[in-house]
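There are 2 protein chains.
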Amino acid sequence: MATVEPESKLFHATYRFTADDIGAAEQIADSICLEQSVEMPRDAVPDHVSSSIAQLLSLFPSSDNLWSATIGYPLHLFDDDPTQFLNVIFGNISLQPGIQLIDLEKDKLHGVLPGPSFGIQGIRELSGVSDRPLSCTALKPVGLSPDELALRAEQFAAGGLDIIKDDHGLADQQSAPFSARVKACVSAIEKGMQKSGKRTLYFPNITTTPNRLMDRYREAADCGADGVLVSAQLCGPAIMKELATIGELPVIAHPSFSGSMVVSHSQGIVAPLYFGTLWRAMGADFIIYPNAMGRFSFTVEQCMDINEHCRQNIEGIKSAFPVPGGGINRDTVPEWMNKYGRDTVFLIGGSLYQHPEGLQFAAAEFQQRLRNT
Amino acid sequence: MATVEPESKLFHATYRFTADDIGAAEQIADSICLEQSVEMPRDAVPDHVSSSIAQLLSLFPSSDNLWSATIGYPLHLFDDDPTQFLNVIFGNISLQPGIQLIDLEKDKLHGVLPGPSFGIQGIRELSGVSDRPLSCTALKPVGLSPDELALRAEQFAAGGLDIIKDDHGLADQQSAPFSARVKACVSAIEKGMQKSGKRTLYFPNITTTPNRLMDRYREAADCGADGVLVSAQLCGPAIMKELATIGELPVIAHPSFSGSMVVSHSQGIVAPLYFGTLWRAMGADFIIYPNAMGRFSFTVEQCMDINEHCRQNIEGIKSAFPVPGGGINRDTVPEWMNKYGRDTVFLIGGSLYQHPEGLQFAAAEFQQRLRNT
């Protein structure tokens, strides 16, 4: 006899799609249930494993032929594995145009995903900044030597920046190999901190193939770096769970290569949920996203929604710092602070490098503006 | 003095985007050059590293305000690293809506990526099938025990199927843990092969987090599996380079979670290039893609274009088998064979499981239809 999984053992995910009428909407919702669980026609599923089939829990119309369907996935499908979790909630149906993942049952996420190991509170303790937004910049450009990058890091630290991260395009190129770069930057930042009298955290970029990434994490930790930067989409988001499970260093997630997941209005995963909830739940302490008004496309409202998703209370999962990057320069920082609030890390690159008075002055001015809120 | 990298040390990538006039198009092309290399304003790049800046090589209009720009990336940016390669060709600009990656300089790919270790010819030798398309099915559904899945595998093998792969939703769930499943299926398929008198290859699904994936690869090899299945987008496409570099087992790439990359007409990466060229160059011997007329959205022309990209001559990179899945059933196999040709693997799931005469008969009938071309 066919069985169904009881509600307590289901995880809810909500999708949005277009359909002309309720009949068509029910058909799409049912096809999601099958595609994302047993992946075969219902009549071909043996009765004694029918409890593995996902269940349609609710279906209602919003506007313009748009429907929202909430589907319950049997928890045992996830196998306590972050790749399999993503596979179930948005694997094959990512290939069906017009289906967008818009919500997840957030308070059950901690059963599958660890969340960040530090979180906003932990990062505030690490940086010694309890009551204001944090500043961040990127070391670049690629092509400079370790000493040249380290000199820039020293100047930024001397100006008092809170966080310095590698540009996400700095890998292990001959111009500045990972090992030499991290050592040079750690020691340069220590010198800079002696001038500023305050803490500056350094996050080298460890993005690479899986078999080398953990070595870079280890080396970053051993060299005295304060955290790591990883391009989550390039490595597969599950890498963040592994890094958070080690938990020795906080993790900045960079959005390179992730755009196709979030820029559409009718498919993929809505950006606040993908960056603010999923990447945070995977284990990111900081989530860099493309800010409004810059080179990218999010509206201010979408950015505020990402911020909210990074910070909101979720059972068993620490909050993460939203890190808007792009579209912010040293002059507009104050107005963005008013919009985004104190639990924000502001990432400025280009406009510090273009400052006529040099990097140390630019960093000091940036810090000054953050303190005056 | 500013320097530029010579043409011989550049790698070409071509993008399509909309712009109202040539001035706007030049601006977008220039912003791609900066964003994807030094990621800072041109005037902030020190002269002595200006050779790291990507170069606009050609820009021409196609139709409807659409422009194509070919950009030359200094090869040293790639760092011989597949994650960094993807980061350079489509990292941050993935976040700018309306920019689509449409072509790559294929004959230079082998400098960065290994291609499949077996390729079409190697797989034909392994399977002993020299002159016809290959058949493939998926073991499912999730929820069955190792013995139940193994019985299905035995019946498929007895019917003479060429390739049996795990469903991509079979992970390490309690119902059929990886280890027990692989052992049971390998030995069941051996029994089935004694009945059919021909070779059947088995590809278990090793998709999981990076720290466990290599253990599953190793275990699959040690248990006598013939290859592995990996959901490339869930693990990050670079995983395929690592598997191909080991080269002990052929790799089937599954497209789960990759839809957002390819389903749009105005952003992401065009599907033939992403699946047929990039995944192949990363190291996939087989590329599963959603076939036309099924639950997904590609047209027959797009599918034929994916097939062509999988098979075309590329310097230093072996060809890969295209594996259309979905939209094919046991009755329509002959017409798809006529369309797609002999260097194709046909993946049929549902309609074999629904066959009234059972799995062995269904497999034998499928094989018969493939032989009659």
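Keeping their order, the protein sequence lines are chains A and B. In terms of our numbering, the first sequence opens at residue 880 and continues consecutively. In terms of our numbering, the second sequence opens at residue 880 and continues consecutively. The C-beta atom is built at its ideal place from N, Cα and C for all residues, glycine as well. Remember, predicted model here, so these are calculated numbers, not experimental data.
Exercise. Under 6 Å Cβ to Cβ from A/Ile824, same chain only, skipping five residues before and after it: list those, please.
Key: Residue 824 of chain A lies beyond the residue range present for chain A, which begins at 880 and ends at 1252; the question has no answer from this structure.
Quiz prompt | Under 8 Å (Cβ pairs) to chain A, residues found in the region 891 to 903 of chain B | solution = none
Quiz item: Beta carbon of A/Ile978, beta carbon of A/Tyr894: below 7 Å?
Solution: yes
Quiz item: Can you tell me the Cα-Cα spacing of A/Asn1217 and A/Gln1146, whole angstroms?
Solution: 32 Å
Practice problem: Run through the region 1175 to 1206 of chain B for me and flag every whole alpha helix (DSSP H) of 4 or more residues, listed as ranges in chain order. | Solution: 1179 to 1190
Quiz item: On the three-state DSSP scale, how would you describe A/Ser941?
Solution: coil
Quiz item: How do the region 1159 to 1172 of chain B and the region 1166 to 1182 of chain A stand: do at least 3 beta-carbon pairs fall below 8 Å, yes or no?
Solution: no
Self-check item: Short Cβ contact (7 Å threshold) for A/Ile1043 with A/Thr1016
Solution: yes
Practice problem: Taking only the alpha-carbon atoms, compute the straight-line gap between A/Gly1138 and B/Val1142 and give it to the nearest angstrom. | Solution: 13 Å
Practice problem: Could you name the residues of the same chain whose beta carbon sits closer than 6 Å to that of B/Ala884, not counting the 5 residues immediately before and after it, in chain order? | Solution: The sequence shown places Glu at residue 884 of chain B, rather than the Ala named in the question. Correct list, in chain order: Ser930, Pro953.
Quiz item: Nearest-angstrom Cα distance between B/Val835 and B/Leu935?
Solution: The structure shown does not extend to residue 835 of chain B, since chain B is modelled only from 880 to 1252, so the question has no answer here.
Practice problem: State yes or no: is the beta carbon of A/Ala1117 nearer than 7 Å to at least one beta carbon in chain B? | Solution: yes
Quiz prompt | Where the beta strand (DSSP E) containing B/Leu1249 begins and where it ends | solution = Going by DSSP, B/Leu1249 is part of no beta strand (DSSP E) but of the alpha helix (DSSP H) stretching over 1238 to 1250.
Quiz item: So, is the C-beta of A/Thr1178 closer than 7 Å to a C-beta in chain B?
Solution: no
Quiz item: Would a C-beta distance cut-off of 7 Å place B/Cys1189 and B/Arg1209 closer than the cut-off?
Solution: no
Quiz item: DSSP puts A/Gly1173 in a beta bridge; with which residues?
Solution: Answer is none; A/Gly1173 lacks a bridge partner.
Quiz prompt | Nearest neighbour of A/Glu1300, chosen from A/Lys1077, A/Phe1035, A/Asp1041, A/Gln1073 [CA to CA] | solution = It is not possible to answer for residue 1300 of chain A, since the shown part of chain A is limited to 880 through 1252.
Quiz item: Would you report the Cα separation of A/Asp943 and A/Gly902, rounded to the nearest angstrom?
Solution: 16 Å
Practice problem: Out of B/Ala892, B/Ala898, B/Asp922, B/Met1072, state which residue places its alpha-carbon closest to the alpha-carbon of A/Ser1230. | Solution: B/Asp922
Self-check item: C-beta neighbour in chain A for B/Pro1020, strict 7 Å
Solution: Cβ-Cβ to chain A under 7 Å: yes for B/Pro1020.
Quiz prompt | B/Arg1095 versus B/Ser1135: straight-line alpha-carbon distance, rounded | solution = Going by the C-alpha atoms only, they are around 19 Å apart.
Exercise. For the alpha helix (DSSP H) containing B/Gln979, list its first residue and its last residue.
Key: Element bounds for B/Gln979: not the alpha helix (DSSP H) but the beta strand (DSSP E), 979 to 983.
Exercise. Whole angstroms is fine: what's the gap from B/Ser1006's alpha carbon to B/Ile1131's?
Key: 14 Å
Quiz item: Around the C-beta of B/Ala881, are 16 or more other C-beta atoms found within 10 angstroms, so that it is buried, or is it exposed?
Solution: exposed
Practice problem: Specify whether the region 1047 to 1059 of chain A and the region 885 to 892 of chain B touch according to this definition: at least 3 beta carbon pairs, one from each stretch, less than 8 Å apart. | Solution: They do not touch, by the three-pair rule.
Self-check item: Simplified DSSP state of B/Leu1040, which is helix, strand or coil
Solution: coil
Quiz prompt | Closer than 7 Å at the beta carbon, the chain A residues around B/Asp1046 | solution = Those within 7 Å of B/Asp1046 in chain A are Glu918.
Quiz prompt | Cβ pair count under 8 Å reaching 3, the region 1148 to 1167 of chain A against the region 986 to 1000 of chain B | solution = No, they do not touch.
Practice problem: Tell me, to the nearest whole angstrom, how far the beta carbon of B/Asn971 is from that of B/Glu914; I am working on the premise that it is less than 8 Å. | Solution: 5 Å
Quiz item: What do you get for A/His1144, buried or exposed, if any count of 16 or more other CB atoms within 10 angstroms of its CB means buried?
Solution: exposed
Quiz prompt | Nonlocal neighbours in the same chain, by C-beta distance under 7 Å from B/Arg1078, ignoring five residues either side | solution = Ser1006, Gly1007, Met1072
Exercise. Give me the Cα-Cα distance between A/Leu945 and A/Ala1150, rounded to the nearest whole angstrom.
Key: 19 Å
Quiz item: Considering only residues of the same chain and omitting the five flanking positions on each side of B/His1234, which have a CB-CB separation below 8 Å?
Solution: Arg1209, Phe1240, Ala1241, Glu1244
Quiz item: Going by Cα to Cα distance, which pick from B/Ser941, B/Gln975, B/Ala933 is closest to B/Leu956?
Solution: The shortest CA-to-CA distance from B/Leu956 to any of B/Ser941, B/Gln975, B/Ala933 is the one to B/Ala933.
Self-check item: Contacting residues, own chain, Cβ-Cβ under 8 Å from A/Met1255 (five flanking each side not counted)
Solution: What is shown of chain A runs 880 to 1252, which leaves residue 1255 of chain A out entirely.
Self-check item: Whole-angstrom C-beta distance between A/Thr949 and A/Ser937, which should lie under 8 Å
Solution: 5 Å
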